[in-house]
Amino acid sequence: MNDPEFWHNKWASNQIGFHLNDVNPLLTQFWPALQPKRDEKVLVPLCGKSEDLVWLAEKHNDVIGVELSQIAVRAFFAEHFYTPLVTKLNHHHELYQFDELSLYTGDFFTAPVDKVDLVYDRAALVALPQSMRVTYAERLKQLLNPGGRILLVSLDYPQEELSGPPFSVPQHEIADLFADFDVTLLNCNDVDAAHPQRAKKGLSRFAETVWLIQS
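Numbering (my numbering), first residue to last: -12 to 202.
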C-alpha cells in the first residue's frame, strides 16, 4: 500500500470510505488537550478533503495540509466554494491557498512544508504499512518546532484478521515510534461485538485510540 497509485485510484474511482462527511468528533473533543493557540501553525498530513481542515482553520491562522491526490484537494475547494490561489512549485508539488488554508498536493515526504507547532493525524499513520511508519514518524519530528504537540488518532485490532489500510497501530508501536517524546493515551474506545464496524469486518477486537504526543 505504499504505492501512490493505490491512493490515486481510490480517489479517481471515488472509493473513499475512509472520508468522513462531518468534522471528526474526536478532534473537537481532544484538540483542547494540546492547549493550542490561534497563532500556532497546524499540519494535517494525508488530509484528503477532510472537513477537519475547515474546523481547524476557524481556530488557527495557518493550517497546512498535504495530500497525495490532486482530485481530493480540488474537490475540497470546490465543495466549499473556495477559489484558491494555485502555485506550481515543481514537477511533483502544487500549493493551493485560501485564507488560513494552504494545501500541498504530492508526496508528504518531499512536500516543501515549513516547520509547525501542532500536528493533527487522523488518517495518516494508520494509512501506512509498518515498513513506512518509522520514516513517517521521523518526518513529523523534523517538522515540529520545539515544544510541538501531536494529536494522533489510531486503530488497534488484530492485524491478522483484516488486511489494511487502515492498519492497526497498537500502543507499543506508537510508544516505540515516539520513544523520545512524551506519549499520553487520552482515550481508548474499545467497541463491543455488536458495533457495526466491528461486526461487519468480523473482528474479535476493535478500538480507536487517541494520543497526545509532546516534544
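From the three backbone atoms N, C-alpha and C, an ideal C-beta is built for every residue, glycine too.
Mind checking who residue i pairs with in its DSSP beta bridge?
| i | result |
| --- | --- |
| Asn174 | Val197 |
| Leu115 | Note: Leu115 sits in no beta bridge, so no partner. |
| Lys75 | Glu81 |
| Ser227 | Outside the displayed range of the chain (-12 to 202) lies residue 227, so it cannot be described from this structure. |
| Leu105 | Val29 and Arg136 |
| Leu131 | Val103 |
What is the rounded straight-line gap between the Cα of residue i and the Cα of residue j?
| i | j | result |
| --- | --- | --- |
| Asn11 | Asp169 | 24 Å |
| Met119 | Phe154 | 12 Å |
| His79 | Phe96 | 11 Å |
| Leu142 | Lys187 | 16 Å |
| Thr92 | Asn48 | 20 Å |
| Glu147 | Leu112 | 18 Å |
| Ile235 | Pro145 | The question about residue 235 has no answer, for the chain in this structure spans -12 to 202. |
| Gly4 | Ser202 | Below a pLDDT of 50, predicted positions are generally treated as unreliable, and Gly4, at 47, falls in that range; no measurement from the model is reported. |
| Leu14 | Ser150 | 26 Å |
| Pro99 | Glu81 | 10 Å |
| Gln184 | Ser37 | 20 Å |
| Leu130 | Asp101 | 7 Å |
| Ala65 | Asn174 | 34 Å |
| Leu90 | Asn176 | 31 Å |
| Trp42 | Leu190 | 32 Å |
| Ala180 | Pro71 | 44 Å |
| Met(-12) | Ile137 | Interpretation of Met(-12) is limited by its pLDDT of 41, a score under 50 that renders its predicted location unreliable; the figure taken from the coordinates is listed afterwards. Each residue's Cα considered, the two are about 24 Å apart. |
| Ala166 | Val29 | 22 Å |
| Leu203 | Tyr123 | Residue 203 falls outside the range modelled here, since the chain spans only -12 to 202, and no answer is possible. |
| Phe68 | His159 | 42 Å |
| Thr171 | Glu125 | 18 Å |
| Val197 | Val31 | 15 Å |
For residue i, which option in the options has the closest C-alpha, if you only look at C-alpha atoms?
| i | options | result |
| --- | --- | --- |
| Gln117 | Gln184, Lys187 and Ile161 | Ile161 |
| Gly134 | Phe17, Thr15, Gln16 and Lys24 | Lys24 |
| Val178 | His79, Leu172 and Ala194 | Ala194 |
| Ala20 | Tyr107, Gln184 and Val156 | Tyr107 |
| Lys261 | Leu127, Gln57 and Phe63 | Absent from the structure is residue 261, since the part of the chain shown begins at -12 and ends at 202. |
| Leu199 | Asn8, Gln16 and Asp9 | Gln16 |
| Ala62 | Tyr123, Glu45 and Asn8 | Asn8 |
| Cys34 | Leu55, Leu127, Leu105 and Thr171 | Leu55 |
| Glu45 | Ile137, Glu27 and Tyr123 | Glu27 |
| Ala110 | Asn132, Leu139 and His182 | Leu139 |
| Val156 | Ala114, Lys128, Asn132 and Leu127 | Ala114 |
| Val121 | Arg192, Gln84 and Asp163 | Asp163 |
| Asp86 | Val103, Val73 and Arg192 | Val73 |
| Gln84 | Val60, Asn77, Arg192 and Pro152 | Val60 |
Does at least one heavy atom of the ligand ATP sit under 8 Å from the Cβ of residue i?
| i | result |
| --- | --- |
| Gln22 | The ligand ATP is not among the ligands present in this structure, which contains no ligands whatsoever. |
- prompt: Considering only residues of the segment 19 to 51, which uninterrupted beta strand (DSSP E) runs meet the minimum length of 3 residues and lie entirely inside it, listed in chain order?
  reply: 29 to 32
- request: Mind listing, in chain order, the continuous alpha helix (DSSP H) runs of no fewer than 4 residues lying wholly within the segment 134 to 182?
  value: 158 to 164
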